[in-house]
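Beneath this line is the structure, given in structure tokens, with notes to follow.
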Amino acid sequence: MKVVGLSICRTGADLNEPLPMSIHNDLSSFGYFQRPSVKEMLLFLTKTFLKRTEPGQRQSVEHEGYVVHCYVRTDGLAGTVTTDTEYPARVAFVMLGQVLDEFTQQYGSDIWTACATPESLPLEKGEEYVNKYQNPAEADKVTKIQNDLDETTSILHKTIDSVLERGVKLDNLVDKSNDLSAQSKMFYKQAKKTNSCCVIT
């Protein structure tokens, strides 16, 4: 069980796509030369899935052995936690709620709502959160004390195809993306080819 990435973004009608204000990744499980491509892919998936998450909604989208847990608050502040598939969604959403609260304490709404520059508002404790939540059992002790997620909140679990519009494939979005370098696009295609040849039925 592992947390790979944490992103805090601004969403809203004035933006074409979510604006990442703070990003914290733990890419230690990837090879040194893979890390830039993985970082770009995490940002791409964050923007793609947050764009398709309604305000006030939480959803978990699984893709290629990882799950992107998304939450968009009604005030437009949004975040994602990217984990492996074994990581408990409940713990990921508790982490996300705490991170967004911490972010609003560090930067008032007058500051983050005016943010126009990507990655310009780093969360001081971002790395600390990523490290702390690597062990969900330890984080679970926190969740028992702080019941941040009430039982009435529904978490939508979706496949990537159901999140994207009808007829749109992630492969097409990757090819058209300006956020991904040619190297990252090649990494994505190679990883997809490698994963598809190793499926055990």
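Per the working numbering, residue 29 is the first one in the sequence shown, and the count goes up by one each step. C-beta atoms are modelled at their ideal positions from N, C-alpha and C, and glycine is treated no differently. The structure displayed is predicted, hence computed values, not measured ones.
In the structure shown, M49 adopts extended strand secondary structure according to DSSP, grouped into three states. When C-alpha distances from V122 are compared across E82, L201, Q87, A41, the shortest belongs to Q87. Of the residues assessed, Y60 falls on the exposed side of the cut-off, its CB having fewer than 16 other CB atoms within 10 angstroms. Around the C-beta of S56, fewer than 16 other C-beta atoms lie within 10 Å, and the residue is accordingly described as exposed. Inclusion of S205 and F72 in the CB contact set at 8 Å is warranted, their separation being smaller than that value. In this structure, L151 is the residue among R118, A117, E82, L151 with its C-alpha nearest to the C-alpha of L128. Fully contained in the stretch 53-121 are the following alpha helix (DSSP H) runs of length 4 or more, in chain order: 63-79.
Note that the C-beta distance between P64 and E147 is not below 8 Å.
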